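Residues in the sequence shown are numbered from 7 upward in steps of one, following this note's numbering.
Think of the CB as a built atom: it goes at the ideal place given N, C-alpha and C, for glycine as much as any other residue.
Everything numeric in this text was worked out from a predicted model, so none of it was measured.
Everything on this sheet refers to the single structure shown next.
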Amino acid sequence: MLRCALLGTGRQANRLVDAIEAAGSKVMALYSRNIKDGERFAKDKNLSADLIISDDLDSILAHKDCDAAVISTPDFLHYEHARMALKSGKHVFLEKPLATNYDHGRELLALAEENKLLLAIDYHLRWSFALQYIQRLCEEGYFGSIQKVQLKWGWSPIK
Numbered sequence: 007m008l009r010c011a012l013l014g015t016g017r018q019a020n021r022l023v024d025a026i027e028a029a030g031s032k033v034m035a036l037y038s039r040n041i042k043d044g045e046r047f048a049k050d051k052n053l054s055a056d057l058i059i060s061d062d063l064d065s066i067l068a069h070k071d072c073d074a075a076v077i078s079t080p081d082f083l084h085y086e087h088a089r090m091a092l093k094s095g096k097h098v099f100l101e102k103p104l105a106t107n108y109d110h111g112r113e114l115l116a117l118a119e120e121n122k123l124l125l126a127i128d129y130h131l132r133w134s135f136a137l138q139y140i141q142r143l144c145e146e147g148y149f150g151s152i153q154k155v156q157l158k159w160g161w162s163p164i165k
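As structure tokens, this is what we get:
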């Protein structure tokens, strides 16, 4: 089970909590710039009563029971938050974009590689032309009665 610190309580964080729990993992700590928002979010998502909620990011990232940081904060904070998480020894799952400029993105990739940590970017593809086309083919019955779908999408690492 992956033990996660969730950074942010916005709209995407709602979806990420569902994904974390569906994967059999657990949100152990929650960072919110506003404690009351964090408490409301935790209550609405029915998160564990022993969840640590803080507006102090350093204390959240120092939490020894967290293996990974799931970052769902505004884009302009991605670099800073991901960098802090990686330097704290946490694997990072980050809402896109990785960073708001190329040099920061390269730095995060290097930091993850140096520390042998996973840095993953959530890039949902629901508006992708290719996936919309596949959806249309499914709806038109092109594939017949679908029993199972397995997709793998990826890119080679940047060198």
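Should L8 and A74 be called a contact, given that it needs their Cβ atoms to be closer than 8 Å? yes
Among H110, T79 and K70, which residue has its Cα nearest to the Cα of F99? T79
I think S94 touches L67, with their Cβ atoms under 8 Å apart; what is that distance to the nearest whole Å? 4 Å
Please classify S38 as buried or exposed, where buried requires at least 16 other C-beta atoms within 10 Å of its C-beta. buried
Tell me the DSSP secondary structure of Y129 in three-state form. coil
Strictly by DSSP, which residues pair up with F99? V76 and A126
Measure the C-alpha to C-alpha separation of R89 and G30 and round it to an integer number of angstroms. 26 Å
By a C-beta neighbour count over all protein chains shown, 10 Å radius and 16 as the cutoff for buried, is G150 buried or exposed? exposed
For V173, name the three-state secondary structure that DSSP assigns. Within the shown structure, residues of the chain are numbered from 7 to 165, placing residue 173 beyond reach of any answer.
To the nearest angstrom, how far is the alpha carbon of L57 from that of L12? 11 Å
Where does L147 land, buried or exposed, given buried means 16+ other C-beta within 10 angstroms? The residue asked about is misnamed: residue 147 is Gly in this sequence, not Leu. It counts as exposed.
Simplified DSSP state of M7, which is helix, strand or coil: coil
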